[in-house]
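Undergrad: Got a structure for you, written out below as structure tokens; questions coming shortly.
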Amino acid sequence: MGINFKFAALAALGPLLFVGSACGSDDDGGGGDSGSTELEATLSDFKFDPGSWSAAADEDVTITLTNEGAVAHEWVILQSGVTITSEADLPATEEELLADFVLTETEVEPGDTQDMVFNVPAGTYQIICAIETHFDAGMDGTLTVE
Ligand SMILES: [Cu+2]
């Protein structure tokens with residue numbers, strides 16, 4: 007009788023231990039709605055759709071860029087604290103653009119889809135297409151990282 011009781015107690019304890027360890031391992035699921043690690047953007051002539059994204063900070067974030075336009079487009083993350091209101095704000099040379107404005111960028115040919123991975127600290131970043139005339143035509147977006 008005593009032995010049977012002991013087995014019953016162990017059998018009951020087994021599932022509890024299992025549930026306990028499962029709970030302990032899902033800590034990182036808690037911050038799930040603060041930012042996504044998988045994003046999408048459609049690039050066209052001449053806009054981004056959507057025009058704003060929310061991403062996780064300090065994690066590898068993959069954005070799938072699809073160019074539905076007739077010409078090449080870029081998805082450029084500007085450096086933290088750098089914003090432009092028109093292309094007149096951009097420097098004259100590619101070297102200055104890359105050094106002082108661009109954090110990271112990907113160019114997508116018309117009809118192509120391309121994945122881009124970035125990993126940036128929390129902040130608000132302006133997204134532009136840096137190909138001449140495209141920003142002024144409407145290729146302006148916002149990436150919120152938290
Ligand atoms: Cu463009």
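This note's numbering applies: residue 7 is where the sequence shown begins, and numbers increase by one. Every residue gets a Cβ at the ideal spot worked out from N, C-alpha and C, and that includes glycine. These numbers come from a predicted model, not from an experiment.
#1: Taking only the alpha-carbon atoms, compute the straight-line gap between residue 100 and residue 112 and give it to the nearest angstrom.
#2: From the DSSP output, in three-state form, read off residue 49 for me.
#3: Looking at ligand 1, does it come within less than 7 Å of residue 145, judged from the CB to the closest heavy atom?
#4: Do the segment 102-111 and the segment 53-73 meet, that is, are 3 or more Cβ pairs less than 8 Å apart?
#5: Looking only at its chain, what residues have a beta carbon closer than 6 Å to the beta carbon of residue 68, apart from the 5 residues adjacent to it on each side?
#6: Can you tell which of 54, 73, 93 has its C-alpha closest to the C-alpha of residue 142?
#7: Excluding sequence positions up to five away, which residues of its chain have a Cβ less than 6 Å from the Cβ of residue 74?
#8: Between the C-alpha atoms of residue 132 and residue 126, what's the straight-line distance to the nearest angstrom?
#9: Confirm the yes/no value for this check: CB of residue 133, any heavy atom of ligand 1, distance under 7 Å.
TA: Quick look at the numbers:
#1: 15 Å
#2: strand
#3: yes
#4: no
#5: 44, 121, 123
#6: 93
#7: 48, 50
#8: Each residue's alpha carbon lies about 13 Å from the other.
#9: No, the beta carbon of residue 133 sits no closer than 7 Å to any heavy atom of ligand 1.
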